Amino acid sequence: TDACLSAIEQAGALNAFVHNTPDIARRQAAAADQRLQAGDAPAMCGIPLGIKDLFCTKGVPTQAASRILQGFVPEYESTATQNLFDAGAVMLGKLNMDEFAMGSTNETSVYGPAVNPWRLGEQQLTPGGSSGGSAAAVAADLCLAATGTDTGGSMRQPAAFTGTVGVKPTYGRVSRWGIVAFASSLDQAGPMTKTVRDAAIMLGAMASVDPKDSTSADRPVPDYESALTGDIRGKRIGIPREYRIDGMPAEIEALWQQGIAMLRDAGAEIVDISLPHTKYALPAYYVIGPAEASSNLARYDGVRYGHRAPLAAGDGINEMYEKTRAEGFGPEVQRRAMIGTYVLSAGFYDAYYNRARKVRALIKRDFDEAFAAGIDTILTPATPSAAFPLGTMHAVDPVQMYLNDVFTVTVNLAGLPALALPAGLDSQGLPLGLQLIGRPWDEAGLLNHASVLE
Ligand code: GLN
26 TDACLSAIEQ AGALNAFVHN TPDIARRQAA AADQRLQAGD APAMCGIPLG IKDLFCTKGV
86 PTQAASRILQ GFVPEYESTA TQNLFDAGAV MLGKLNMDEF AMGSTNETSV YGPAVNPWRL
146 GEQQLTPGGS SGGSAAAVAA DLCLAATGTD TGGSMRQPAA FTGTVGVKPT YGRVSRWGIV
206 AFASSLDQAG PMTKTVRDAA IMLGAMASVD PKDSTSADRP VPDYESALTG DIRGKRIGIP
266 REYRIDGMPA EIEALWQQGI AMLRDAGAEI VDISLPHTKY ALPAYYVIGP AEASSNLARY
326 DGVRYGHRAP LAAGDGINEM YEKTRAEGFG PEVQRRAMIG TYVLSAGFYD AYYNRARKVR
386 ALIKRDFDEA FAAGIDTILT PATPSAAFPL GTMHAVDPVQ MYLNDVFTVT VNLAGLPALA
446 LPAGLDSQGL PLGLQLIGRP WDEAGLLNHA SVLE
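Here is the structure:
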């Protein structure tokens, strides 16, 4: 813990941690020492973690990287972080992210972007987003692991960009209670780690059924670590042809082929599959995500949480709402609130939101059919590119940024577990990631397949 705290102090340029909690960390570390001495060492005992700023942490500022939550100090702890602390984990501080987890570059953060530690100096790179601070902190050894959340790829894409592991569990595996909501039917929290084994241990500690989240699943949480046998003989790995998209760099295709060969060498059977509705996933996601976000963001009204705009004489409650939301939300969050309100409005509901829900059902059916045909796990690239320079994507064209989520959003629409792990380096020496998608609730099998690729 002390080593991490001093590493964090020296790594201010990465802008990964936005709020440090050294006193809490030292207290938790001392308690972990005592538990160790008493011979009671739970799974995460004494492991120093960074916590994404989307998790409510009791008594510790939680802003979701937004101005509108300035000054908000939760009186409660999210179930996922509480589970980690109960398992002995130590909190070093809160991590940078895109505002309300909306983004793929960490550039929508009120704190400015976290920086990818793989290349410092002149042309800084994005660590990805929205869990960019989590990925940067893990990759730069500022913490042993971090929490992340994933609504459309926000753990897997940053993991791919930083050479780390990010696991998005099956929808319902980890309680969403106390995590600031983006799109409630898509959001899941999970571990961001250096290795698959670390992810297995941390996921086991985070997951639980929770009476406070009605969508959390009443299912036993397996011992994920002991599932890492490396034995995948006879397993069937699906390679979806729709993920071979135009313009994908040859280097990514080559690493995908290398991953396929590794799984085949380990005794798995490789099967070409089709997920025909994949091409509709991005438009469906960018309707459903903003629709749910616009509803979730309604609570930030200047009354209940955080920031309230200064008012002029004669301003009433409507002016208070308007001014607070206009200055409290950044441009990307405002864009999503407007898109979401539009697609949910009476005249457009059927044309956009309802149609997107139908597309979502078809995307889920594609996966269901593949699994029913005996596929155990699906292997794809995690992203269509390596990390790109800050200031070149989101700032220039938000739609261009949305396209970066092409391989990841299907999984959230279908509620499936998936992970990204390092696949190798490109010709510039930057990490690239592969994605494995699993059957519902089979995080154990998913992690075991991943362990073969490590
Ligand atoms: N990049 C996607 C978005 O901007 C995903 C974000 C996420 O998973 N939280 O919506």
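In the UniProt record's numbering, the protein residues as written are 26 to 479. We treat Cβ as the ideally placed atom computed from N, Cα and C, and that holds for glycine. Being a predicted model, the structure only gives us computed values, none of them experimental.
Original post:
Can you find at least 3 beta carbon pairs, one from the region 76-87 and one from the region 151-166, that sit closer than 8 Å?
Top reply: By the criterion of at least three beta-carbon pairs nearer than 8 Å, the region 76-87 is in contact with the region 151-166.
Subject >> N- and C-terminal bounds of the beta strand (DSSP E) containing residue 252 >> reply: Per DSSP, residue 252 belongs to no beta strand (DSSP E) and is neither H nor E.
**OP:** For my contact list, residue 10 and residue 198 are in at a C-beta cut-off of 8 Å; report their separation, rounded to the angstrom.
**Re:** Because residue 10 is not part of the residues shown, which for the chain are 26 to 479, the question remains open.
Original post:
Can residue 80 be considered in contact with ligand 1, in the sense that its beta carbon sits closer than 7 Å to one or more heavy atoms?
Top reply: No, since every heavy atom of ligand 1 falls outside the 7 Å radius drawn around the Cβ of residue 80.
**OP:** Using 10 angstroms around the beta-carbon of residue 310, count the other beta-carbons present and answer buried if the total reaches 16, otherwise exposed.
**Re:** Looking at its Cβ environment, which holds 16 or more other Cβ atoms inside 10 Å, residue 310 is buried.
Original post:
By the 10 Å Cβ neighbour count, where 16 or more other Cβ atoms means buried, how is residue 21 classified, buried or exposed?
Top reply: Past the boundaries of the shown model lies residue 21; the chain is included only from 26 to 479, so the question cannot be answered.
Subject >> residue 206, DSSP secondary structure in three states >> reply: The three-state reading of DSSP puts residue 206 in coil, since its state is none of H, G, I, E or B.
Original post:
Would you say residue 127 touches ligand 1, meaning its beta carbon is less than 7 Å from a heavy atom?
Top reply: Result yes, Cβ under 7 Å from ligand 1.
**OP:** Whole angstroms is fine: what's the gap from residue 66's alpha carbon to residue 256's?
**Re:** Residue 256 has its alpha-carbon roughly 29 Å from the corresponding atom of residue 66.
Original post:
Enumerated in chain order, which unbroken segments of the alpha helix (DSSP H) with a length of 4 residues or greater are wholly contained in the region 72-113?
Top reply: Those alpha helix (DSSP H) runs which fall completely within the region 72-113 and span 4+ residues are 104-111.
**OP:** Could you name each continuous alpha helix (DSSP H) segment of 4 residues or more that falls completely within the region 328-389, going from the start of the chain to the end?
**Re:** As summarised for the region 328-389, the continuous alpha helix (DSSP H) elements at least 4 residues long and confined to that stretch are 342-353 and 356-369, given in chain order.
Original post:
Does the Cβ of residue 241 have 16 or more other Cβ atoms within 10 Å, making it buried, or fewer, making it exposed?
Top reply: By the neighbour-count rule (16 or more Cβ atoms within 10 Å), residue 241 is buried.
**OP:** Return the Cβ separation of residue 264 and residue 290 in integer angstroms, given the expectation that the two are a contact with Cβ distance under 8 Å.
**Re:** Rounded, the Cβ-Cβ distance is 15 Å, inconsistent with contact.
**OP:** Would you mind stating whether residue 415 and residue 147 have Cβ atoms separated by less than 8 Å?
**Re:** No, Cβ-Cβ distance for residue 415 and residue 147 is not below 8 Å.
Subject >> Cβ neighbours of residue 266 in the same chain (closer than 7 Å, five flanking residues each side left out) >> reply: The beta carbon of residue 266 sits closer than 7 Å to those of 297 and 299, all from its chain and outside the five residues before and after it, given in chain order.
**OP:** Report yes if the C-beta of residue 158 is less than 7 Å from at least one heavy atom of ligand 1; otherwise report no.
**Re:** Judged by the Cβ position, residue 158 fails to qualify as a neighbour of ligand 1 at the 7 Å threshold, every heavy atom of the ligand being at least this far.
Original post:
Comparing the CB of residue 243 with every heavy atom of ligand 1, is any distance shorter than 7 Å?
Top reply: For residue 243, the shortest separation between its Cβ and any heavy atom of ligand 1 does not lie below 7 Å.
Original post:
Any heavy atom of ligand 1 closer than 7 Å to the Cβ of residue 154?
Top reply: Yes, since a heavy atom of ligand 1 falls inside the 7 Å radius drawn around the Cβ of residue 154.
**OP:** Report yes or no: is there a C-beta of chain C within less than 8 Å of the C-beta of residue 133?
**Re:** No chain C appears in the structure shown, which is made up of a single protein chain.
Original post:
Beta carbon of residue 422: closer than 7 Å to some heavy atom of ligand 1?
Top reply: Every heavy atom of ligand 1 is 7 Å or more from the Cβ of residue 422, so no.
Subject >> Span of the alpha helix (DSSP H), counted from its first residue to its last, around residue 437 >> reply: Segment 434-439, the alpha helix (DSSP H) holding residue 437.
Original post:
With 16 as the cutoff for other CB atoms within 10 Å, does residue 356 come out buried or exposed?
Top reply: So residue 356 counts as exposed.
**OP:** Name the two residues that bound the continuous alpha helix (DSSP H) containing residue 470.
**Re:** Residue range 468-478 is occupied by the alpha helix (DSSP H) that includes residue 470.
**OP:** Drop a sphere of 10 angstroms on the beta-carbon of residue 258, count the other beta-carbons inside from all chains shown, and report buried for 16 or more, exposed for fewer.
**Re:** Burial call: exposed.
Subject >> CA nearest to the CA of residue 194, picked from 462, 45, 42 and 378 >> reply: Taking each of 462, 45, 42 and 378 in turn and checking the Cα distance to residue 194, the smallest one comes out for 462.
**OP:** Quick one: which unbroken alpha helix (DSSP H) runs of 4-plus residues sit fully inside the region 174-235? Chain order, please.
**Re:** The region 174-235 contains these whole alpha helix (DSSP H) runs: 181-187 and 221-231.
**OP:** Would you identify the three-state DSSP class for residue 296, choosing helix, strand or coil?
**Re:** Three-state DSSP puts residue 296 in a strand.
**OP:** Grab the span of the alpha helix (DSSP H) containing residue 262 for me, first residue to last.
**Re:** From DSSP, residue 262 is part of no alpha helix (DSSP H) but of the beta strand (DSSP E) over 261-265.
Original post:
Using a Cβ-Cβ cut-off of 7 Å (strictly less than) and excluding sequence neighbours within five positions of residue 441, which residues of its own chain qualify?
Top reply: Closer than 7 Å at the Cβ level, and outside the excluded window around residue 441, lie 195, 392, 462, 463 and 465.
Original post:
Are the region 38-54 and the region 114-130 touching, with three or more C-beta to C-beta distances below 8 Å?
Top reply: Verdict: yes, contact present.
**OP:** Apply the 10 Å Cβ neighbour rule to residue 101 and answer buried if 16 or more other Cβ atoms are within range, or exposed otherwise.
**Re:** Residue 101 should be labelled exposed.
Original post:
Counting along the chain, where does the alpha helix (DSSP H) carrying residue 314 start and finish?
Top reply: From DSSP, the alpha helix (DSSP H) with residue 314 extends over 306-321.
**OP:** Take the Cβ of residue 295 as the centre, count every other Cβ of all protein chains shown within 10 Å, and call the residue buried at 16 or more, exposed below.
**Re:** Residue 295 counts as exposed, since fewer than 16 other C-beta atoms from the protein chains shown sit within 10 angstroms of its C-beta.
Subject >> Contact the region 103-112 vs the region 126-143: 3+ CB pairs below 8 Å >> reply: Segments in contact, no.
Subject >> Coil, strand or helix - residue 43 by DSSP >> reply: Reduced to three states, the DSSP call for residue 43 is strand.
Original post:
So, are the CB atoms of residue 167 and residue 57 less than 8 Å apart?
Top reply: Inclusion of residue 167 and residue 57 in the CB contact set at 8 Å is not warranted, their separation being larger than that value.
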